[in-house]
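Peer 1: Chains as they are written, first to last, in the numbering used here: chain A, 272 to 577; chain B, 272 to 577.
Even for Gly, the Cβ is constructed at its ideal location relative to N, Cα and C.
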DNA sequence: CGATATCCATATTTATTTGATATGGCTTGT
DNA sequence: ACAAGCCATATCAAATAAATATGGATATCG
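This is the structure we're talking about:
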């Protein structure tokens, strides 16, 4: 059985005569008669009654005709779904976030834009630690990950730099400098404070940037604690264990006992934002997402410069 | 596009290598590669990524694979539905009844047997006057009709005689003979009574049989009323307008003011039962139904003789 | 590290199958 | 009775699918 048989069958059934159906199909009558007969032979069912003035569907033929239309409709559907998938307009995309990434306004903005542009993509979002995200990326459990810092071993991965943001200092609210109602403080003012830093088990994280900024400010910070995630550093600050430098967008996370102050540079330590993907990932959905990300980054910088 | 392309595509997708898929399909590798490429060209979509160790589905290919299975499932379904229809195991059948027919135990029995044997046939049942039923039959609104009497113009129709039943007399309950608690009475006892007979606008109906029986009993009945349906004669009997002869099965219709008495023949007037169908109706569903009817008639006569 | 095996792609030839042409038989309407 | 319309069959031509032969790329093994 081939689709040709069904196509011919439909034409004959609808026209009621083989000759006219052959015209409609752009062919001659005899081969059409043969193909219809071949279909009947394969099904072992008489589909038409041959009448002097044409042919007439049998009950069985009527049954087949109804289903034949449905079959072609389904094939059309399958084809357009396949094409949409190839164009990246349909399918699935899994994205990961490190805990602080969603605070950066760029991230929710690009997700929103992408969802609006490609509503047929089923988007899966997952939060996780940077190391875990990179593993998931390599294992193809996710297709992209918003992370802060560059990664130690970029082998096979590709990193897209996104707009970075300033860091601010998070102080316990009973800190001497927290009482003063100033908008910004120089980094050097915290030379004596214990620092709580975010450093993941392997790799640099934001750690190096902070140390470097302190050095540039003329002191070596005293590291009191290390926390595995940026968000958890705030808990330690709140407990009064020290101060911390966190991305400015974290200020949206209001927390009892924590006060934020901008840093009056230079040096102005910055928190990067990156999108990690697999190098050589051919997924069209991802390709579209990267387009959206690049566009959003351009728009974002434009907004910021205004 | 032909189904061949989809068949080949499924084989390659499932095997993961063209060579092995070709073996499974009983063909060589090069033509298979070509057909896959032809499918990709028609869709204008890359379905596989060629790898050194085989081929790998793209996202678009995965989409198509899922749908391809569904397409073949639907085709299988269409084919078996067509075959079932051809065998008369699936489809539709419309039957008509004259009002008194369903009282004859044969009729519900054969309907039940047929429904049990062919549950996939959607059965439509309709009641109507004999003339109306015959018209419906000719117009192909129904496929068969259970009627009592032979029909005037059997042109193009076929009549199957079914087990006939005795007629009984229906008396008003205040009739002199109704008071006497006898099981059966001779027809001659009603020589003086006004008769209510069933006669349809055209054609003989049961009328002729009744008249003939009376003549055989030695009198000419006095016709007081004619009623268009057998059942409505009972209303007239109940009203005391006369007596009527009705099929014995009508006794199941208990009616205030009506008493039934068997007739002590000879002569014993009989009520026939017939199944009318279109001559040359090729419907397999009808063919099966006629089989069931013939079988049921055989069983019925066997039961009666026991 | 070179040799080999594996696998897919391309080119060419062969085989199959589809479609076209010619023709005949049947039914209906004039 | 004859002509027109329609489908079936037989034969021939064309298109297309499949087979064979071969080459190129990449991993596997000695």
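Quick one: which chain A residues come within Cβ less than 9 Å of residue 320 of chain B?
Peer 2: In chain order: 553.
Peer 1: With which residues is residue 465 of chain A paired in a DSSP beta bridge?
Peer 2: Residue pairing by DSSP places residue 465 of chain A opposite A:493 in a beta bridge.
Peer 1: Using 8 Å as the threshold, is the stretch 274-286 of chain A in touch with the stretch 315-322 of chain B, meaning 3 or more CB pairs across them?
Peer 2: Using a C-beta cut-off of 8 Å, the stretch 274-286 of chain A makes no contact with the stretch 315-322 of chain B, since fewer than three inter-stretch Cβ pairs fall below that distance.
Peer 1: Are the stretch 533-551 of chain B and the stretch 407-420 of chain B touching by the rule of at least three beta carbon pairs closer than 8 Å?
Peer 2: yes
Peer 1: Taking a Cβ distance cut-off of 9 Å, strictly less, list which residues of the stretch 321-338 of chain B are near chain A, in chain order.
Peer 2: For the stretch 321-338 of chain B, the set of residues with a beta-carbon nearer than 9 Å to any beta-carbon of chain A comprises 329, 330, 331, 332, 333, 334, 335, 337, 338, in chain order.
Peer 1: With 7 Å as the threshold, decide whether the Cβ of residue 395 of chain B is near any Cβ in chain A.
Peer 2: Not closer than 7 Å to any Cβ of chain A, the Cβ of residue 395 of chain B fails to qualify, so no.
Peer 1: What residues in its chain sit with their C-beta under 7 Å from that of residue 370 of chain B, if we drop five residues either side in the sequence?
Peer 2: Cβ neighbours of residue 370 of chain B beyond the five flanking positions: 398, 500, 501, 502.
Peer 1: Can you look up residue 436 of chain B in the DSSP assignment and give me helix, strand or coil?
Peer 2: strand
Peer 1: Going by C-alpha to C-alpha distance, which of A:553, A:507, A:467 sits closest to residue 492 of chain A?
Peer 2: A:467
Peer 1: Run through DSSP, which three-state label would residue 454 of chain A get?
Peer 2: coil
Peer 1: Can you check which of these residues, B:274, B:565, B:323, B:395, is closest to residue 343 of chain A by C-alpha distance?
Peer 2: For the residues B:274, B:565, B:323, B:395, the minimum Cα distance to residue 343 of chain A belongs to B:274.
Peer 1: Three or more beta-carbon pairs under 8 Å between the stretch 429-436 of chain A and the stretch 400-411 of chain A, yes or no?
Peer 2: no
Peer 1: DSSP on residue 321 of chain B, reduced to helix/strand/coil?
Peer 2: If DSSP states are grouped into helix, strand and coil, residue 321 of chain B belongs with the strands.
Peer 1: Report yes or no: is there a C-beta of chain B within less than 7 Å of the C-beta of residue 281 of chain A?
Peer 2: False, the Cβ-Cβ gap to chain B never drops below 7 Å.
Peer 1: Within a Cβ cutoff of 7 Å, which residues of the same chain sit near residue 526 of chain A, ignoring the five residues on either side of it in sequence?
Peer 2: 505, 509
Peer 1: Starting from the Cα of residue 519 of chain B, find the closest Cα among B:339, B:531, B:388 and give me that residue.
Peer 2: That would be B:531, whose Cα lies nearest to the Cα of residue 519 of chain B.
Peer 1: Could you check whether the Cβ of residue 346 of chain B sits closer than 7 Å to any Cβ belonging to chain A?
Peer 2: The beta-carbon of residue 346 of chain B is placed less than 7 Å from the nearest beta-carbon of chain A.
Peer 1: Looking at residue 563 of chain A: is its Cβ nearer than 7 Å to the Cβ of residue 378 of chain A?
Peer 2: no
Peer 1: For residue 327 of chain B, which beta-bridge partners are listed by DSSP?
Peer 2: B:320
Peer 1: For residue 367 of chain A, does the three-state DSSP call read helix, strand or coil?
Peer 2: strand
Peer 1: Ignore the nearest five residues each way along the sequence and tell me which others in residue 347 of chain B's own chain have a CB closer than 8 Å to its CB.
Peer 2: Nothing listed; no residue qualifies.
Peer 1: Would a C-beta distance cut-off of 7 Å place residue 336 of chain B and residue 284 of chain B closer than the cut-off?
Peer 2: yes
Peer 1: Looking at the unbroken beta strand (DSSP E) that takes in residue 415 of chain A, where does it start and where does it end?
Peer 2: 415-418
Peer 1: Can the beta-carbon of residue 556 of chain A be found less than 7 Å from the beta-carbon of residue 364 of chain A?
Peer 2: yes
Peer 1: Establish whether the CB of residue 342 of chain A and some CB of chain B are separated by less than 7 Å.
Peer 2: yes
Peer 1: Interface residues of chain B around residue 560 of chain A at Cβ under 9 Å?
Peer 2: Simply none; closest approach about 13 Å.
Peer 1: What residues of chain B sit near residue 360 of chain A, judged by a beta carbon separation below 8 Å?
Peer 2: Within 8 Å Cβ-Cβ: nothing; residue 360 of chain A doesn't reach chain B, min ~11 Å.
Peer 1: Compute the beta-carbon to beta-carbon distance between residue 489 of chain B and residue 541 of chain B, rounded to the nearest angstrom, for a pair I have assumed lies under 8 Å.
Peer 2: Contact flag wrong, Cβ pair sits at about 19 Å.
Peer 1: Report all residues from its chain with a CB closer than 6 Å to the CB of residue 529 of chain A; omit the five preceding and five following residues, and keep chain order.
Peer 2: 441, 505, 508, 509
Peer 1: Could you tell me the boundaries of the alpha helix (DSSP H) in which residue 268 of chain A lies?
Peer 2: The structure shown does not extend to residue 268 of chain A, since chain A spans only 272 to 577, so no value can be given for it.
Peer 1: Specify the secondary structure class of residue 402 of chain A as computed by DSSP and reduced to three states.
Peer 2: helix
Peer 1: Quick one: what does DSSP say residue 410 of chain B is sitting in, helix, strand or coil?
Peer 2: Three-state DSSP puts residue 410 of chain B in coil, outside helix and strand.
Peer 1: Rounded to a whole number of angstroms, what is the C-alpha to C-alpha distance between residue 345 of chain A and residue 327 of chain B?
Peer 2: 25 Å
Peer 1: Per DSSP, residue 534 of chain B forms a beta bridge with which residues?
Peer 2: Paired residue(s): B:456.
Peer 1: Looking at the unbroken beta strand (DSSP E) that takes in residue 515 of chain A, where does it start and where does it end?
Peer 2: 515-518
Peer 1: Helix, strand or coil for residue 395 of chain B? Go by DSSP, reduced to three states.
Peer 2: strand
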